[in-house]
Amino acid sequence: MGKCNLCPRHCGVDRSVRTGYCGMGEQPRVARAALHFWEEPCISGVRGSGTVFFSGCTLGCVYCQNYDISHLGHGKDITVDRLADIFRMLEDQGAHNINLVTGTPFVPAILNALEKYRPALPIVWNSGGYETVETLRLLKGAVDVYLPDCKHVSPRIAQLCAGAADYFDVAAQAIQEMCAQTGAPVYDGEGMLQKGTIVRHLILPGCTGDSRRVLDFVAECLPKGTPVSLMRQYTPSPFCQIKGLDRRITDQEYRRVLDHFEALGLTGYTQEKESAESSYTPPFDLTGV
Ligand code: SF4
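Add 136 to a position in the sequence shown, counting from 1, and you land on the number used in the working numbering.
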């Protein structure tokens with residue numbers, strides 16, 4: 137692999153010898169591979185999204201709900217052949233798509249696995265949006281659907297939450313590259329997304345001004361009609377010590393951001409309070425690995 141510069145951290149380390157910011161070695165590490173029913177309806181459908189949760193993370197947000205795998209690196213190292221088998225297994229289980237969650241540190245292995253076995257399903261790249269354009273270009277043609285977060289505009293908030301003051305500058309370019317690669321959304325007869333980019337945004341408590349700036353970016357800089365998934369399920373993490381992030385968002389905060397979403401004429405997905413309250417983190421117990 138040589139020196140790793142797969143993500144904007146640009147650690148430049150040889151991961152066969154030592155790890156960088158993401159904490160991952162060369163081999164893909166996976167914590168769960170199973171049908172998942174908690175994505176947007178056009179991704180999960182009725183049969184579920186064939187989701188592969190990779191361990192490690194290039195962002196490491198302090199409030200992450202997948203702490204065990206993103207921060208602690210729980211999971212199992214697997215070969216490229218096993219990863220290709222997992223794709224086949226999820227397809228055989230009836231998945232609507234193959235959903236690769238935080239796969240950035242493993243791009244070369246994922247591309248090799250897709251060469252060994254390419255399921256006849258859309259390939260979904262599900263990431264925090266903190267990607268280099270160079271790495272995204274490696275994925276061009278292999279990925280059909282991008283599902284990036286656009287988390288913050290403010291460098292101060294991004295630094296506080298993920299030690300990444302450059303988050304927005306990087307993510308803005310990355311998401312524009314994703315939209316350019318996929319083009320406008322294409323759905324099949326059942327309403328399942330076959331091609332396209334959905335931008336996700338999780339509203340943080342006390343940060344509605346920043347959320348509105350995220351929506352401004354979508355309206356001003358991304359192709360018209362790019363769907364946005366506006367999420368209100370922020371849940372305080374027991375591992376997060378930052379004052380202000382220790383509560384859920386209020387109805388008024390959600391309304392303020394939703395009003396802006398509607399005023400900008402954005403389309404996509406908004407979340408009912410009930411579904412936000414029952415948001416679900418799967419057990420990272422090596423199912424399917
Ligand atoms: S993928 Fe990991 S090792 Fe490579 S640059 Fe990013 S954080 Fe560093």
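Glycine is no exception: its CB is placed at the ideal position from the N, C-alpha and C atoms. This one's a predicted model, so the numbers in the text were calculated from it and none came from an experiment.
Less than 8 Å between the CB of residue i and some heavy atom of the ligand SF4, yes or no?
i: P336; result: According to the sequence shown, residue 336 is Arg rather than Pro. Incorrect: R336 has no Cβ contact closer than 8 Å to the ligand SF4.
i: T155; result: yes
i: C178; result: no
i: R151; result: yes
i: P284; result: no
i: R145; result: yes
i: P341; result: no
i: P164; result: no
i: C140; result: yes
i: G209; result: no
i: T194; result: yes
i: T240; result: yes
i: C376; result: no
i: M225; result: no
i: M160; result: yes
Round the Cβ separation of residue i and residue j to the nearest angstrom and send it over; I've been treating them as touching at under 8 Å.
i: L275; j: V306; result: 16 Å between Cβ atoms; not a contact.
i: I334; j: P363; result: 5 Å
i: V237; j: F189; result: 5 Å
i: G404; j: S365; result: 6 Å
i: L296; j: I378; result: 6 Å
i: F375; j: Y203; result: 5 Å
i: L219; j: I179; result: About 20 Å; that fails the 8 Å criterion.
i: Q330; j: M367; result: With 8 Å as the limit, Q330 and M367 do not qualify as a contact, their Cβ atoms being about 23 Å apart.
i: G380; j: G342; result: 5 Å
i: P241; j: M314; result: Between M314 and P241 the Cβ distance is about 18 Å, and since that is not below 8 Å, they are no contact.
So, helix, strand or coil for residue i, using DSSP?
i: Y390; result: helix
i: S365; result: strand
i: L219; result: helix
i: R273; result: helix
i: F375; result: coil
i: S191; result: coil
i: S347; result: helix
i: N248; result: helix
i: S152; result: coil
i: Q330; result: strand
i: H337; result: strand
i: D280; result: coil
Report yes if the CB atom of residue i is closer than 9 Å to the CB atom of residue j, and no otherwise.
i: L338; j: K287; result: yes
i: G325; j: P177; result: no
i: N233; j: G186; result: yes
i: Q229; j: S373; result: no
i: T194; j: R145; result: yes
i: E356; j: A310; result: no
i: G239; j: N262; result: yes
i: G196; j: G299; result: yes
i: Y199; j: Y370; result: yes
Worksheet item: Can we say the stretch 210–217 touches the stretch 157–177, given the rule of at least three CB pairs closer than 8 Å?
Response: yes
Worksheet entry | Segment contact, 8 Å Cβ cut-off, at least three pairs: the stretch 169–176 with the stretch 149–161 | no
Practice prompt. Could you tell me whether the stretch 277–296 touches the stretch 316–329, where touching means 3 or more Cβ pairs closer than 8 Å?
Written response: yes
Worksheet item: With contact counted as at least three CB pairs below 8 Å, one residue from each stretch, are the stretch 390–407 and the stretch 216–231 in contact?
Response: no
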